[in-house]
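Here the structure is laid out as structure tokens; the discussion comes afterwards.
Protein chains: 2
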Amino acid sequence: MTNNLNTLFSALADPTRRAVVEHLVQNPAPVGELHAAHDMALPTFLKHIKVLEETGLVRSHKLGRVRMVHIEPASLQQIDDWLTRHRALWETRLDRLSRLANDMDRTKS
Amino acid sequence: MTNNLNTLFSALADPTRRAVVEHLVQNPAPVGELHAAHDMALPTFLKHIKVLEETGLVRSHKLGRVRMVHIEPASLQQIDDWLTRHRALWETRLDRLSRLANDMDRTKS
DNA sequence: TCAATACTTAGCCAATTGGAAAACTATCTT
DNA sequence: AAGATAGTTTTCCAATTGGCTAAGTATTGA
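Those sequence lines, one after another, are chains A and B. Going by this note's numbering, 53 is the number at position 29 of the first sequence; the sequence numbering is gapless. Going by this note's numbering, 32 is the number at position 8 of the second sequence; the sequence numbering is gapless.
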């Protein structure tokens, strides 16, 4: 909730962590299941989960000896919001490019 | 263009670099002007510009002794695309939360 | 109760990162 | 031609990061 974009972007910069997020947008899952998809030692993997949890992208709670992890959608929304704040401007620039490309096509034929 | 999300996200994880991107979605600008807004040595700042350029978020060319920098909108589009690929799923989860919040409100009154 | 399961904690390490200072090159401006 | 401007290159440094192994704790199943 209190997360800034720095930690959100840097959390998502790691492919392992991004894969975990992609897994969790589909369903919550226990640490063991998440870990199975990644060829690294468990303690290493747990560090990634901890990073995700510290940024607020993810939450978890223990059920017996299993830790269930689920996504925190509001955090992804923050990145979406940042993009939205600038989207209008960069899309203008994209449009300009595609118009230019169109013009060049027409000139060629 | 050939950029992966790893480098895009990690480039945007730094507040200096994000500020430069925000500046450049408005207008292209010379290095000196960009640097003026940031309290750090020029060589340090230039490293950030180089990172942005290597990820493809930005391009530059020299005009005399001045280097002009401009944004490469297609790169931001890549991040937007990644979010879009998952947006449907996490918005479903957000909806579920807000419905739950609604229910709790109604129960309270 | 005892072994297996599912994490957890603690330390260690190499590579990367964000910062600095110093010295250098290339372009104007006068 | 000389000085000022605008970057550039080089070298150094401390902190962070992503990975490992080894050893520990807490639950569960037989």
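Virtual Cβ for every residue (Gly too), placed ideally from N, Cα, C. Computed from a predicted model, the values in this text were never measured in an experiment.
Taking only beta-carbon positions, decide if A/H110 is within less than 7 Å of chain B. Reading the first sequence from its first residue, position 86 is the one you call residue 110 of chain A. Judged by the 7 Å Cβ criterion, A/H110 is in contact with chain B.
From this set, B/L100, B/R83, B/G88 and B/L76, which residue's C-alpha is nearest B/H94's C-alpha? As a position in the second sequence, residue 94 of chain B is number 70, starting the count at 1. Ranking B/L100, B/R83, B/G88 and B/L76 by Cα distance to B/H94 puts B/R83 first.
Coil, strand or helix - A/R83 by DSSP: Along the first sequence, one-based indexing puts residue 83 of chain A at 59. Strand, per DSSP.
Reducing DSSP to helix, strand and coil, say where A/A43 ends up. On the first sequence, position 19 is the one that residue 43 of chain A refers to. Note: A/A43 maps to helix in three-state DSSP.
Who are the neighbours of B/A50 on chain A, taking C-beta pairs under 8 Å? Here residue 50 of chain B refers to the residue found at position 26 when the second sequence is read from its first residue. Note on residue identity: the sequence assigns Gln, not Ala, to residue 50 of chain B. Simply L113.
Could you check whether the Cβ of A/F69 sits closer than 7 Å to any Cβ belonging to chain B? Here residue 69 of chain A corresponds to residue number 45 of the first sequence, with the count starting at 1. So, not an interface residue.
Thinking A/L81 and A/E96 are a contact (beta carbons under 8 Å), I'd like their distance in whole angstroms, please. Here residue 81 of chain A corresponds to residue number 57 of the first sequence, with the count starting at 1. Here residue 96 of chain A corresponds to residue number 72 of the first sequence, with the count starting at 1. With a Cβ gap of about 6 Å, A/L81 and A/E96 count as contacting.
Grab me the residues of A/H47's own chain with a C-beta within less than 8 Å of its C-beta, minus the 5 sequence neighbours each way, in chain order. Within the first sequence, residue 47 of chain A is the residue found at index 23, counting from 1. A53, L58 and A61.
Continuous alpha helix (DSSP H) stretch holding B/H59: start and end: Stepping through the second sequence from its first residue, residue 59 of chain B is reached at position 35. Unbroken alpha helix (DSSP H) run through B/H59: V55 to A60.
Contact with chain B by A/A37, beta-carbon distance below 7 Å: For this step, residue 37 of chain A is matched to residue 13 along the first sequence. It does: the Cβ of A/A37 has a partner Cβ on chain B nearer than 7 Å.
List the residues of chain B that A/L173 touches, going by C-beta distances under 7 Å, in chain order. In the structure displayed, chain A extends from 25 to 133; residue 173 of chain A sits before or after that span and is not available.
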